[in-house]
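Scroll down for the structure; my scribbles are underneath it.
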Amino acid sequence: MDGFIFSLIIGIFIGGVCGYLGTLMLSRKMALTAGPLGHLTLPGIALSLIYGFDVSLGAFPFVILGIFLIWLFETRTKLPMETLTAVVFASGVAIAFLFLPVEQAETALIGNITRVDIYGTIITSILCFLIFLIIRKNYHKMVLINISEDLAKASGINVRKNNLLYLFLIGILVSLGVRMVGGLLTAALFAIPAASSRNFSKNLFQYTNLSIFFGILSSLLGILIYKFTNLPAGPLIISVSSLIFLISVIFKR
Amino acid sequence: MGKLKKQVLKMFAKDKKIILKVKNLTVKLDKEEIIKNLSFEVKEGQVLTILGPNGAGKTVLLKTLLGILPYNGKIEWKINVKIGYVPQRVPFVKQIPISVREFFLLKTTKEEAEKILDKIGFEKRILEKRLGDLSSGQFQRILVAWALVKNPNILLFDEPMTGIDVKGKETIYSLLLKLKKERNLTILLVTHDLNIVFKISDYVICLNKYCMCRGPPIKNVTPKTLQKLYGSKIKFYAHK
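Shown next as structure tokens:
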């Protein structure tokens, strides 16, 4: 099996699960949270490229740090999420470029899905499948929290525990997503399929399934176009996703 | 059986009809005292209204009773009580494409949802409507129906008439009256609406951080108490 097949498998898994989790992020007005987290992975990606270890492994500790920072800043300052997003996002990029080798900058910023072997493919696929199962098990609770935290608490749902789980899942998926589309474009993996799906859907069933489908379709088509054109795969995946979004705007219910 | 549970059982055995006892309740949020030293009891089947100006601590009181907010003092619910809650606002509901059916499936089965909606006077086809597409009145009634899932003994309502037109209000009035009559439901209601207070309440608590008056509305909700509660003259027409 060559690298292309590995890329396709990883693309399908990551694209689909990001689309799934994106439906929860969009309804919480948190779709862009993945943005600063993606940018915060840049120093981690830089380290992994300098010392030659897995990109996702480098990214993960920085995502966890990012989640902690956003949570800390929000609790202590009560500033709006957008402001904190801007602070964290710019800091990640600035720190990364202090020591990121220029020749590696492209990989860090827009990803390189071809840098993956069979072990990476297996581990990523298993992780994505597990995350999918965890989201599915907790989806109802998370939707109710999105609708109203008070209603969820009154129904006996542990909101803090679910929020923590939710952020942790975003963290793992961002770490996996940066390999595919780089630190700059990660947020799009979550936000665009869910946004397109919302334009077509009139219920939750359609919303989640279409978002997963659009996530998979964008990755699949993006990687296929990369195979024939040799343009970078990450931007191609996001461009296909954006095209689907444009179509959804035209046919919006 | 725990010592505390025994004590509570003993307490409620003395007065079987009491469903909730609140004693010396004080709630502080961000170091600010929102409610101070509030004590009251709610009896089964009673409709108790909490009346007060904006910022008086009414919503905070409901959330504290639900266990959402921290407090000092005592809140004792009757053992195995089932509470239904209708919040004041559900801010993100328009963001989520969720149908009425799916909203109920978050909490119960399709069969129970259909049964409750039928009792409240909705046709089956409402199930397929998007929650965000409902009118304010319809949405409020759906929230009431949702709160009725699993047969609660007591319903906590936070300003159920906010943003609802006159016709919608009438529908919810009659719904509350019907629930009270048919199910002997205990209702705890937060409202600004004096009409509701007089039409369906048995008991009223005037709250503005402290309890400023309490008792049957007809005796306690007078122009004088309202002026004290709201801090200015309130136009008021006595209900007979």
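Chains as they are written, first to last, in the working numbering: chain A, -7 to 245; chain B, 912 to 1151. From the three backbone atoms N, C-alpha and C, an ideal C-beta is built for every residue, glycine too.
Among the bridge pairs identified by DSSP, A/V135 is matched with none. For A/N138, the nearest CB of chain B lies under 9 angstroms from its own CB, placing it at the interface with that chain. Taking all protein chains shown into account, A/N150 has fewer than 16 neighbouring C-beta atoms within 10 Å of its C-beta and is therefore exposed. Residue contact with chain B for A/S193: present (Cβ-Cβ distance below 9 angstroms to some residue of chain B).
DSSP, reduced to helix, strand and coil, places A/T178 within a helical segment of the structure shown. For B/F1068, the enclosing beta strand (DSSP E) starts and ends at I1065 to D1069.
Comparing C-alpha distances from B/K939 to each of B/G1043, B/G984 and B/L1045 shows the shortest one belongs to B/G984. With its beta carbon less than 9 angstroms from one in chain A, B/V1004 belongs to the interface. Across the segment 138 to 159 of chain A, CB contacts with chain B closer than 7 angstroms involve N138, I139, S140, D142, L143, K145, A146 and S147, in sequence order along the chain. For B/S1010, a Cβ of chain A is located within less than 9 angstroms of the residue's own Cβ. Per DSSP, B/G1126 is one residue of the beta strand (DSSP E) stretching across Y1121 to G1126.
In this structure, A/S188 sits away from B/Q1006, with a CB-CB distance that is not shorter than 9 angstroms. DSSP places B/E952 inside the beta strand (DSSP E), whose first and last residues are E943 to K954. Apart from sequence neighbours up to five positions away, the residues of its chain that approach B/K928 with a beta-carbon distance below 6 angstroms are K954 and E955, ordered along the chain. Across the segment 199 to 213 of chain A, CB contacts with chain B closer than 9 angstroms involve Y199, in sequence order along the chain. Along the segment 1083 to 1127 of chain B, the alpha helix (DSSP H) occurs as fully enclosed runs of 4 or more residues at 1105 to 1111, listed in sequence order. The segment 991 to 1004 of chain B makes contact with the segment 1059 to 1071 of chain B; the number of CB pairs closer than 8 angstroms reaches 3 or more.
In the three-state reduction of the DSSP assignment, B/E1034 falls in the coil class, being assigned neither a helical nor a strand state. Taken through DSSP and simplified to helix, strand or coil, B/R1041 comes out as strand. Taking a Cβ-Cβ cut-off of 7 angstroms, A/H31 has no neighbours in chain B, whose nearest Cβ is about 25 angstroms from it. The residue from A/C10, A/T15, A/L0 and A/F205 with its alpha-carbon nearest to that of A/G112 is A/L0.
Between A/L125 and A/L136, the C-beta gap is not smaller than 9 angstroms, which leaves the two residues out of contact. In the DSSP assignment, B/Y1141 falls within the unbroken alpha helix (DSSP H) covering P1134 to Y1141. Cβ proximity to chain B below 8 angstroms picks out L18, S19, R20 and K21 from the segment -3 to 26 of chain A. The residue among A/F243, A/I123, A/P185 and A/V9 with its C-alpha nearest the C-alpha of A/L157 is A/I123. For A/I105, the secondary structure class from DSSP, reduced to helix, strand or coil, is coil. No Cβ of chain A is located within less than 9 angstroms of the beta carbon of B/R1036. Counting only residues of its own chain and dropping the five nearest sequence neighbours on each side, B/L1028 has a CB closer than 6 angstroms to the CB of A1056. For B/V933, the enclosing beta strand (DSSP E) stretches over residues I929 to L940. Annotation for B/K1030: no residue places its beta carbon closer than 6 angstroms to its own, counting only its chain and skipping 5 residues before and after. For B/G984, the uninterrupted beta strand (DSSP E) run begins and ends at N983 to W988, by DSSP. A/I62 is the residue among A/I62, A/F237 and A/L235 whose C-alpha sits nearest the C-alpha of A/L159. A Cβ-Cβ separation of about 6 angstroms places B/N935 in contact with B/S950 under the 8 angstroms criterion.
Under the 9 angstroms criterion on CB atoms, B/K974 is classed as interfacial with respect to chain A. Below the 8 angstroms Cβ cutoff, chain B contributes P1008 as neighbours of A/R190, in chain order. For A/T69, the uninterrupted alpha helix (DSSP H) segment begins and ends at V47 to T69.
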